[in-house]
Amino acid sequence: KRLQTIDVCRLNGSFCHILLHQTVSDYLPQHLVLYPEKGILFYTAIVKARAQHIVRLGMDGKNLKLLFTLKTTSDNENANYLRPLLTIDRINHHFYFYNGFDKIFILNMQGDVLHTQYQTTFRFHSFQIFSDKMYKAFTQVDGTNYSEFRINPKYALGTTLLGSGLIFNLDRVVQTFYNKSSRFGQGAWKLDSFHNLYYLRYPIHV
1 KRLQTIDVCR
11 LNGSFCHILL
21 HQTVSDYLPQ
31 HLVLYPEKGI
41 LFYTAIVKAR
51 AQHIVRLGMD
61 GKNLKLLFTL
71 KTTSDNENAN
81 YLRPLLTIDR
91 INHHFYFYNG
101 FDKIFILNMQ
111 GDVLHTQYQT
121 TFRFHSFQIF
131 SDKMYKAFTQ
141 VDGTNYSEFR
151 INPKYALGTT
161 LLGSGLIFNL
171 DRVVQTFYNK
181 SSRFGQGAWK
191 LDSFHNLYYL
201 RYPIHV
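Numbering-wise (full-length UniProt numbering), the sequence shown opens with residue 1 and increments by one.
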């Protein structure tokens, strides 16, 4: 849901203060990410069938700035209610911006694109970066209530391919996460040669 305001309150809901009252429809807040170490916040906005934005704002409500714009030519990026997502790599001070369709953009704090990863097969509803891993969650929207959790390398080139079906030093890269994540159920790894990465896959039926 897109909102017109960004408010800040105490945990008990008292002493609320409006940081932003956005009246320009192209920049209505949608997905919010806080960066308290820097005293700033970021939010995503959608202009239907035209563009997706990342907007920066001080946590005091000052210094609003359009940081990044991705032009779109249709509304396919919003199919199945998948929306742009934003998370922060706090170690390297980078943004990871998922367009909700087929790409993850890695950006610096100035909004410059450093790298683009292509996600042509699996779309997801939420993701976070921690250390050198990317954590993704996906839920079917077709009424099957099927959910899935995945762990990917942070960078698409996290696995080196020597040839068809050959993976260099996979045990060193994967085994630790397989053991630590076994409580999720039976894990299965798969190599996707198109993406040049591995993932651990944990289906969760609810």
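Every residue, glycine too, gets a C-beta built ideally from N, C-alpha and C.
query, result
"Contacts around L107, its chain only, beta-carbon distance under 7 Å, and the 5 residues preceding and following it disregarded", "F68, H94, F95, F97, V113 and L114"
"Proximal residues to K133 (C-beta, below 8 Å), its chain only, five neighbours per side dropped", "I151, N152, P153, K154 and F177"
"DSSP bridge partner residues for V8 (one or two, in chain order)", "H17"
"Proximity to R123 [Cα-Cα], best of K103, M109, Q110 and F130", "K103"
"Coil, strand or helix - D102 by DSSP", "coil"
"Helix, strand or coil at S131 [DSSP, three-state]", "coil"
"Own chain partners of L41 with C-beta closer than 7 Å, once the 5 adjacent residues on each side are dropped", "L32, V33, L34, Y35, L57 and M59"
"Proximity winner among L64, S147, R83 and G100, relative to L19 (alpha-carbon distances)", "L64"
"Identity of the residue in Q110, L85 and H53 nearest K136 by Cα", "L85"
"Where D26 falls: helix, strand or coil (DSSP)", "helix"
"Residues bridged to T69 [DSSP beta-bridge criterion]", "H53"
"Assigned exposure category for L66 - 16 Cβ within 10 Å defines buried", "exposed"
"Contact check, T72 vs F127, beta carbons under 9 Å", "no"
"For L162, the three-state DSSP class (helix, strand or coil)", "At L162 the pLDDT is 31, less than 50, meaning the model places this residue with poor confidence; the figure from the coordinates comes in the next sentence. Three-state DSSP puts L162 in a strand."
"Coarse secondary structure for I40, derived from DSSP in three states", "strand"
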